[in-house]
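Protein chains in written order, with my numbering: chain A, 65 to 476; chain B, 65 to 476.
We put the beta carbon where it would ideally sit given N, CA and C, even for glycine.
All values derive from a computational prediction rather than experimental measurement.
There are 2 protein chains.
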Amino acid sequence: MEKAFLELISSQRFREVLAGFPPLAEETVALDEALGRCLARDVLSPEDLPARPRSSMDGYAVQAADCFGATETNPAYLDLAGELDITAVPTEPLAPGACLKVVTGSSLPPACDAVVMVEHTQDLGGGTIEIRKAAAPGDNLMLAGEDARAGQPVLAAGSPVRAAETGLLAALGILDVAVRRRPVAAIISTGDELVPAGDAPAPGQIRDANAPALAALARQAGAAVLHMGIVPDDLEALTRAIDNAVDQADVVLLSGGSSVGVRDLTVEALERLADTRVLVHGLTVSPGKPTILAQSRGKAVWGLPGQVASAQVVMALFGCPFLAHLAGDAQAFTRPRPSVTATLARNVASRQGREDFIRVRLEQTPRGGLEAVPVLGKSGLVKTLVQAQGLIRIPAQLEGLEAGTIHGVMLL
Amino acid sequence: MEKAFLELISSQRFREVLAGFPPLAEETVALDEALGRCLARDVLSPEDLPARPRSSMDGYAVQAADCFGATETNPAYLDLAGELDITAVPTEPLAPGACLKVVTGSSLPPACDAVVMVEHTQDLGGGTIEIRKAAAPGDNLMLAGEDARAGQPVLAAGSPVRAAETGLLAALGILDVAVRRRPVAAIISTGDELVPAGDAPAPGQIRDANAPALAALARQAGAAVLHMGIVPDDLEALTRAIDNAVDQADVVLLSGGSSVGVRDLTVEALERLADTRVLVHGLTVSPGKPTILAQSRGKAVWGLPGQVASAQVVMALFGCPFLAHLAGDAQAFTRPRPSVTATLARNVASRQGREDFIRVRLEQTPRGGLEAVPVLGKSGLVKTLVQAQGLIRIPAQLEGLEAGTIHGVMLL
Numbered sequence: 065m066e067k068a069f070l071e072l073i074s075s076q077r078f079r080e081v082l083a084g085f086p087p088l089a090e091e092t093v094a095l096d097e098a099l100g101r102c103l104a105r106d107v108l109s110p111e112d113l114p115a116r117p118r119s120s121m122d123g124y125a126v127q128a129a130d131c132f133g134a135t136e137t138n139p140a141y142l143d144l145a146g147e148l149d150i151t152a153v154p155t156e157p158l159a160p161g162a163c164l165k166v167v168t169g170s171s172l173p174p175a176c177d178a179v180v181m182v183e184h185t186q187d188l189g190g191g192t193i194e195i196r197k198a199a200a201p202g203d204n205l206m207l208a209g210e211d212a213r214a215g216q217p218v219l220a221a222g223s224p225v226r227a228a229e230t231g232l233l234a235a236l237g238i239l240d241v242a243v244r245r246r247p248v249a250a251i252i253s254t255g256d257e258l259v260p261a262g263d264a265p266a267p268g269q270i271r272d273a274n275a276p277a278l279a280a281l282a283r284q285a286g287a288a289v290l291h292m293g294i295v296p297d298d299l300e301a302l303t304r305a306i307d308n309a310v311d312q313a314d315v316v317l318l319s320g321g322s323s324v325g326v327r328d329l330t331v332e333a334l335e336r337l338a339d340t341r342v343l344v345h346g347l348t349v350s351p352g353k354p355t356i357l358a359q360s361r362g363k364a365v366w367g368l369p370g371q372v373a374s375a376q377v378v379m380a381l382f383g384c385p386f387l388a389h390l391a392g393d394a395q396a397f398t399r400p401r402p403s404v405t406a407t408l409a410r411n412v413a414s415r416q417g418r419e420d421f422i423r424v425r426l427e428q429t430p431r432g433g434l435e436a437v438p439v440l441g442k443s444g445l446v447k448t449l450v451q452a453q454g455l456i457r458i459p460a461q462l463e464g465l466e467a468g469t470i471h472g473v474m475l476l
Numbered sequence: 065m066e067k068a069f070l071e072l073i074s075s076q077r078f079r080e081v082l083a084g085f086p087p088l089a090e091e092t093v094a095l096d097e098a099l100g101r102c103l104a105r106d107v108l109s110p111e112d113l114p115a116r117p118r119s120s121m122d123g124y125a126v127q128a129a130d131c132f133g134a135t136e137t138n139p140a141y142l143d144l145a146g147e148l149d150i151t152a153v154p155t156e157p158l159a160p161g162a163c164l165k166v167v168t169g170s171s172l173p174p175a176c177d178a179v180v181m182v183e184h185t186q187d188l189g190g191g192t193i194e195i196r197k198a199a200a201p202g203d204n205l206m207l208a209g210e211d212a213r214a215g216q217p218v219l220a221a222g223s224p225v226r227a228a229e230t231g232l233l234a235a236l237g238i239l240d241v242a243v244r245r246r247p248v249a250a251i252i253s254t255g256d257e258l259v260p261a262g263d264a265p266a267p268g269q270i271r272d273a274n275a276p277a278l279a280a281l282a283r284q285a286g287a288a289v290l291h292m293g294i295v296p297d298d299l300e301a302l303t304r305a306i307d308n309a310v311d312q313a314d315v316v317l318l319s320g321g322s323s324v325g326v327r328d329l330t331v332e333a334l335e336r337l338a339d340t341r342v343l344v345h346g347l348t349v350s351p352g353k354p355t356i357l358a359q360s361r362g363k364a365v366w367g368l369p370g371q372v373a374s375a376q377v378v379m380a381l382f383g384c385p386f387l388a389h390l391a392g393d394a395q396a397f398t399r400p401r402p403s404v405t406a407t408l409a410r411n412v413a414s415r416q417g418r419e420d421f422i423r424v425r426l427e428q429t430p431r432g433g434l435e436a437v438p439v440l441g442k443s444g445l446v447k448t449l450v451q452a453q454g455l456i457r458i459p460a461q462l463e464g465l466e467a468g469t470i471h472g473v474m475l476l
């Protein structure tokens with residue numbers, strides 16, 4: 065039986081293997097479809113943004129030199145040459161000693177090099193504005209091209225499009241975006257005992273909980289999901305199902321069956337497929353030891369651990385970043401994971417040489433901090449993951465963690 | 065001008081006001097539509113899960129008393145009474161002194177109270193199994209109802225459906241889920257200078273970047289978005305637009321226009337609407353000071369700060385949790401936010417009495433940690449948010465943060 069785990073590899077080595085799969089092809093999508101996708105190319109600005117200098121405050125457009133040394137007690141006095149509404153396009157240079165009333169966003173005239181905030185001025189009437197604060201060139205305005213300069217890169221290939229990137233692309237009028245294709249994940253559940261969640265299980269049968277849970281994780285990671293159904297513990301059937309899934313999807317996620325026989329069956333099926341190689345056969349990670357990874361016709365086939373909770377943890381730790389990597393995220397494996405800091409509520413033991421991920425429940429402490437309470441329970445139970453809000457990592461070289469120590473908790 | 069900010073309130077008070085809006089109505093959706101939605105009611109288990117005791121390991125089903133004191137050097141010997149495949153439903157009680165070969169997931173017979181892992185056994189042939197490790201009742205098996213007990217609550221109203229909850233609901237055969245309705249957010253951009261991102265701006269005009277960015281944030285928070293277009297700086301037009309949006313949506317997000325005149329216009333428009341009350345008129349938060357919140361016919365109308373970056377930060381800090389609250393998330397305002405821990409790269413000043421949120425870029429340090437580098441730049445620029453990966457909070461009572469100190473960075 066131990067044959068299956070002769071060459072356990074570390075999580076770091078596993079990530080290196082996963083990173084060896086190339087990202088998916090490029091496609092162009094409309095900006096409002098780009099959210100969460102990753103840029104396939106650097107984006108160059110087609111123009112200067114802003115196109116011309118603009119005020120970033122309500123106040124008066126000035127020549128900074130005219131306000132040199134101005135203070136509350138020693139103000140400068142400028143001639144009000146007019147008022148610029150938000151859409152005005154002043155072409156006449158601002159004369160020395162003059163100012164123009166502006167609002168936030170007003171385009172500024174040539175020769176104006178600063179804006180004084182209205183709070184630091186007083187309109188004395190009769191066309192005279194009192195300036196009570198010195199201005200330096202560049203104060204309270206945005207220079208032409210300060211946000212983006214024509215022809216220069218503004219966004220880098222491999223970065224995800226968040227709200228901020230959406231805003232910048234819109235501001236530049238870029239409504240078609242070159243991104244990487246979304247991965248398609250085919251989900252296969254294996255096991256003679258499984259029935260679809262919609263069926264009533266006969267005695268000895270159970271409902272397939274893995275496929276819906278893994279589909280949820282894959283969708284959260286940005287993938288589209290193909291449900292390939294349940295395959296019995298039969299070599300022919302399993303081989304055909306994997307072959308078929310590799311045809312249709314970018315990633316195949318096999319789950320169900322944590323008995324040694326079923327795991328061996330998966331490896332046997334993979335070895336029968338053309339152009340297929342088992343790359344990983346066990347991890348020095350708990351949960352996750354029985355994880356299998358193969359490359360079949362260039363695509364990744366995952367044999368996830370059979371226990372429901374283990375499969376979900378492996379998917380969250382490695383599968384979801386892998387899907388993001390395929391989707392073109394250059395930092396899929398290196399970006400810090402969303403987490404919170406919490407105090408461990410009790411001692412947790414771990415075996416040296418094995419990297420452990422402990423499920424924890426988060427509780428607010430009376431002092432306002434968070435306490436991480438390990439969720440105990442057998443690995444076959446579904447409820448342990450429902451009770452957990454996150455994972456604490458115990459590095460391979462440690463024998464455990466002590467109660468009262470502070471840790472990052474990766475959010476689930 | 066300062067009139068507009070006479071009653072600045074703290075972020076905590078703001079959250080209390082927001083929490084006063086009731087969550088949206090309940091609806092029933094299919095399980096595969098429930099991901100990310102929040103449960104409207106407690107979920108009771110319709111049955112025991114598992115329905116009968118199951119092995120959680122490959123090995124032998126035993127009576128624990130028969131293996132009492134068994135060790136490598138002093139093993140116990142049991143009679144092999146047969147083999148249970150994964151779908152077998154044994155009804156005959158296990159006899160004392162006997163064992164049954166089982167795989168992970170096998171249903172266990174009456175009178176069996178433990179499973180010994182195959183690693184701690186040897187099949188001596190001739191129907192005798194050597195047991196090399198003592199077993200305690202309950203070892204390596206799941207009891208009937210250990211995951212969920214018929215009639216007992218397994219999931220609580222107000223909790224979001226993640227992958228783990230999806231798995232549990234599938235395991236219980238619950239394919240219709242009572243959740244809260246997704247909020248519909250109407251997005252209105254105001255400003256004479258704005259053109260839609262698809263149009264070529266004439267001199268003096270700029271493209272509307274706020275609507276696409278805010279739509280992206282609202283969608284990430286689970287809302288559906290209604291784009292209501294651009295409204296000029298005109299009291300009649302703005303009043304009509306808000307009125308119309310309140311009719312169609314659960315939340316109205318107004319943005320654009322950071323000049324004082326435009327902000328005053330928004331308040332004036334709100335005051336003209338029937339059954340409408342301005343609840344919040346400025347926050348002791350930066351960015352975010354000019355935030356407006358009104359209740360109109362029971363719905364929330366937000367006047368977001370006009371500066372693109374400020375609007376997005378306020379939306380991320382308060383607007384997105386508010387949308388989650390409407391969607392039924394009982395912990396929308398209290399759940400710890402995804403963050404990472406980083407060392408601040410330089411001193412940052414702050415004004416006492418004002419809660420500051422500093423945009424930071426995250427950089428890997430040679431030692432493997434993260435450094436948070438404040439992103440400088442004028443508030444009107446779009447690129448500062450593109451460069452930032454997160455926000456560091458400076459509490460109101462502090463005058464700043466020192467370089468080298470360690471902080472949580474809320475991820476954007």
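- Going by DSSP, GLY325 (chain B) is part of the alpha helix (DSSP H) stretching over 324 to 336.
- Among the bridge pairs identified by DSSP, ILE73 (chain B) is matched with B:LEU347.
- Any Cβ of chain B closer than 7 Å to the Cβ of ALA273 (chain A) would place that residue at the interface, and such an atom is present.
- Residue pairing by DSSP puts LEU108 (chain A) in a beta bridge opposite A:PRO217.
- THR340 (chain A) and VAL324 (chain A) have their C-alpha atoms some 21 Å from each other.
- In this structure the stretch 69 to 88 of chain B does not lie against the stretch 413 to 432 of chain A, because fewer than three pairs of beta carbons, one per stretch, are closer than 8 Å.
- Contacts with chain B at 7 Å (Cβ-Cβ) do not include PRO459 (chain A).
- Within the stretch 298 to 324 of chain B, the residues whose Cβ lies closer than 7 Å to any Cβ of chain A are, in chain order, SER322, SER323 and VAL324.
- C-alpha of GLY222 (chain A) to C-alpha of PRO87 (chain A): approximately 10 Å in a straight line.
- Using a Cβ-Cβ cut-off of 7 Å, MET206 (chain A) counts as an interface residue toward chain B, since at least one Cβ of chain B sits closer than that to its own.
- No Cβ-Cβ contact shorter than 7 Å links SER322 (chain B) with ILE294 (chain B).
- Annotation: the continuous alpha helix (DSSP H) that includes ASP311 (chain A) extends over 299 to 312.
- Distance from the CA of THR151 (chain A) to the CA of LEU232 (chain B), rounded to the nearest whole angstrom, comes to 57 Å.
- Just measuring C-alpha positions, the residue of B:LEU368, B:GLY370 and B:SER171 sitting nearest GLU156 (chain B) is B:SER171.
- Under the three-state reduction of DSSP, ASP240 (chain A) is assigned to strand.
- Within the model, the alpha-carbon separation for GLU210 (chain A) versus PRO114 (chain A) is close to 7 Å.
- Judged by beta-carbon spacing, ASP143 (chain B) lies within the 7 Å limit of GLY191 (chain B), meaning their Cβ atoms are closer than that value.
- According to DSSP, residue pairing for THR168 (chain B) in a beta bridge does not occur.
- For GLU194 (chain A), DSSP records a beta bridge to A:TYR141 and A:GLN186.
- Nearest CB-CB separation between VAL446 (chain B) and chain A: below the 7 Å threshold.
- In chain order, ARG196 and LYS197 place their CB closer than 6 Å to the CB of HIS184 (chain A), counting only its own chain and leaving out the 5 sequence neighbours on each side.
- Cβ atoms of ALA333 (chain A) and LEU302 (chain A) come within 8 Å of each other, at about 4 Å.
- In the DSSP assignment, GLN359 (chain A) forms a beta bridge with A:ARG341 and A:ALA364.
- Within 7 Å of the CB of THR405 (chain A), the CB atoms of chain B belong to THR405 and GLY472, in sequence order along the chain.
- Between LEU148 (chain B) and PRO117 (chain B), the alpha-carbon positions lie close to 13 Å from each other.
- Between the alpha carbons of ALA220 (chain B) and LEU205 (chain A) lies a distance of about 52 Å.
- Within the DSSP bridge table, the entry for SER374 (chain B) names no partner.
- Between the stretch 72 to 79 of chain A and the stretch 362 to 378 of chain A, the count of C-beta pairs closer than 8 Å stays below three; the two stretches do not touch.
- Within its own chain, the residues whose Cβ lies closer than 8 Å to the Cβ of ILE306 (chain B), once the five positions on either side in sequence are excluded, are ILE252, VAL316, LEU318, ALA333, LEU334, LEU337, SER360 and VAL365, listed in chain order.
- Per the coordinates, the alpha-carbon of GLY255 (chain B) lies some 15 Å from the alpha-carbon of VAL166 (chain A).
- The alpha-carbon separation between GLY169 (chain B) and MET121 (chain B) amounts to approximately 7 Å.
- Per DSSP, the continuous beta strand (DSSP E) segment holding LEU290 (chain B) begins and ends at 288 to 295.
- At a cut-off of 7 Å between beta carbons, ILE252 (chain A) makes no contact with chain B.
- Restricting attention to B:ALA98, B:CYS163 and B:ARG101, the CA atom closest to the CA of ALA128 (chain B) is found in B:CYS163.
- A straight line joining the alpha-carbon of LEU258 (chain B) with that of PRO354 (chain B) spans about 20 Å.
- Between ALA460 (chain B) and ALA436 (chain B), the C-beta gap is not smaller than 7 Å, which leaves the two residues out of contact.
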